[in-house]
Amino acid sequence: MAFVFMGPLHTIKRSQSSNFKIGKVLTYINEHIEQPLLAVDLADVACLSVFHFQRVFILYTGYNVAEYVLLTRLHKARYELQYRPSMSVLNIALGCGFNHHQSFSRAFKRQFHLAPSVFRKQFVEYVKKIKRISHPSG
Numbered sequence: 004m005a006f007v008f009m010g011p012l013h014t015i016k017r018s019q020s021s022n023f024k025i026g027k028v029l030t031y032i033n034e035h036i037e038q039p040l041l042a043v044d045l046a047d048v049a050c051l052s053v054f055h056f057q058r059v060f061i062l063y064t065g066y067n068v069a070e071y072v073l074l075t076r077l078h079k080a081r082y083e084l085q086y087r088p089s090m091s092v093l094n095i096a097l098g099c100g101f102n103h104h105q106s107f108s109r110a111f112k113r114q115f116h117l118a119p120s121v122f123r124k125q126f127v128e129y130v131k132k133i134k135r136i137s138h139p140s141g
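Adding 3 to a residue's 1-based position in the sequence shown gives its number in the numbering used here.
Here it is in structure tokens:
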């Protein structure tokens, strides 16, 4: 599943070459989300200097590289928490590129205002409620 974030974009003239390069980087990020993703490495994927890559990346996404990677990891983790109930929170954190459970929990709570385990529990309860409403017994 690919997570692509688009921030508020200014009216700028973008070349097809830059579109392709940033698209290639976004695909790379999604395919390697569990690995360390540094701006210098992503600039290499785009075949741009680090300075130019960071400028272009912000123009296209509305986020700097670190913010975008973090948001992509968190949204992937949210999806995993919702749809992979048998997977532990720790394994989800590690699979989304976080090195420590604590750093994952802090970042998740900062973004979604709930601890990962509470988020999962509330989602499960929500699904059960929807099923009861959709299929009332009797």
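C-beta: ideal position from N, C-alpha, C; glycine also.
G98 to E37 span [Cα, whole Å]
Indexing the sequence shown from 1 puts residue 98 at position 95. Indexing the sequence shown from 1 puts residue 37 at position 34. Roughly 5 Å separates the two Cα atoms.
Thinking C-beta only, is L73 closer than 8 Å to A110?
On the sequence shown, residue 110 is found 107 positions in, with the first residue counted as 1. On the sequence shown, residue 73 is found 70 positions in, with the first residue counted as 1. For the 8 Å CB-CB criterion, A110 and L73 form a contact.
Assign L41 to buried or exposed, taking buried as 16 or more other Cβ atoms, counted over all protein chains shown, within 10 Å of its Cβ.
Working through the sequence shown from its first residue, we reach residue 41 at position 38. With fewer than 16 other Cβ atoms inside 10 Å of its own Cβ, L41 counts as exposed.
Can you tell me the Cα-Cα spacing of V43 and R81, whole angstroms?
Walking along the sequence shown from the start, residue 43 turns up at place 40. Walking along the sequence shown from the start, residue 81 turns up at place 78. Between V43 and R81, the C-alpha separation is close to 27 Å.
Exposed or buried, what is V59 when buried is set at 16 or more other beta-carbons lying within 10 Å of its beta-carbon?
Taking the first residue of the sequence shown as position 1, residue 59 is located at position 56. The residue in question, V59, is buried, as its Cβ has 16 or more Cβ neighbours within 10 Å.
Given this structure, state the Cα-to-Cα distance separating N67 from F54, to the nearest angstrom.
As a working mapping, residue 67 is identified with position 64 in the sequence shown. As a working mapping, residue 54 is identified with position 51 in the sequence shown. Here the alpha carbon of N67 sits roughly 12 Å from the alpha carbon of F54.
Please classify I36: does DSSP put it in a helix, a strand, or coil?
What you label residue 36 is simply residue 33 of the sequence shown in a count that begins at 1. Coil at I36, not helix or strand.
What ranges does the alpha helix (DSSP H) occupy inside the segment 17-75, keeping only unbroken runs of at least 4 residues that lie completely in it?
Runs found: 19-34, 42-49 and 53-64.
On a Cα-Cα basis, can you pick out the residue from Y63, A46, Q105 and F122 that is closest to Y86?
Taking the first residue of the sequence shown as 1, we reach residue 86 at position 83. It is F122.
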